[in-house]
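In this note's numbering, the protein residues as written are 16 to 136.
Even for Gly, the Cβ is constructed at its ideal location relative to N, Cα and C.
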């Protein structure tokens, strides 16, 4: 499971949290890892512009694969301000078209080209 949260604050700063469990690392003995980062207002504006480029308002709330999945990649994305969660998205082995750009926004590598996943249209 990969959980990504981006939170915008009134002063322009941004926090970005990425948490993932063993499925992401492919090692069942790896404990979940969390990476939390804080950005100043200048960096926050860059992150905000990158988030806008993902066109998240057009995303489905949940991307579900109806075929048989033995060990799929579950994911969630939460966009929030300091008061509350504004938008939540998620999926299981199927992703929005901008998925690799979303991963890089959170400091993760794009999924490898040989990784079996489905981009939604």
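Spell out the partners DSSP gives residue i in its beta bridges.
| i | result |
| --- | --- |
| residue 19 | 33 and 92 |
| residue 77 | 105 |
| residue 134 | 110 |
| residue 49 | 34 |
Which residue from the options puts its Cα closest to that of residue i?
| i | options | result |
| --- | --- | --- |
| residue 31 | 92, 125, 71 and 108 | 92 |
| residue 116 | 62, 53 and 95 | 62 |
| residue 55 | 108, 104, 99 and 22 | 22 |
| residue 27 | 51, 57 and 73 | 57 |
| residue 106 | 69, 78 and 72 | 78 |
| residue 25 | 104, 97, 109 and 111 | 97 |
| residue 104 | 76, 48, 95 and 51 | 76 |
| residue 72 | 49, 101 and 125 | 101 |
If residue i sits next to residue j, beta carbons under 8 Å apart, how far is it from one beta carbon to the other, in whole angstroms?
| i | j | result |
| --- | --- | --- |
| residue 120 | residue 66 | 7 Å |
Note down, in chain order, each residue of its chain lying with its Cβ closer than 6 Å to the Cβ of residue i, except the 5 sequence neighbours on either side.
| i | result |
| --- | --- |
| residue 19 | 33, 92 and 121 |
| residue 16 | 36 and 89 |
Should residue i be listed as close to the ligand FAD, given that the test is whether its C-beta is under 7 Å from any heavy atom?
| i | result |
| --- | --- |
| residue 112 | Questions concerning the ligand FAD fall outside what the structure shown contains, since it holds no ligand whatsoever. |
If I measure Cβ to Cβ from residue i and keep anything under 7 Å in the same chain, skipping five residues before and after, which residues do I get?
| i | result |
| --- | --- |
| residue 123 | 33 |
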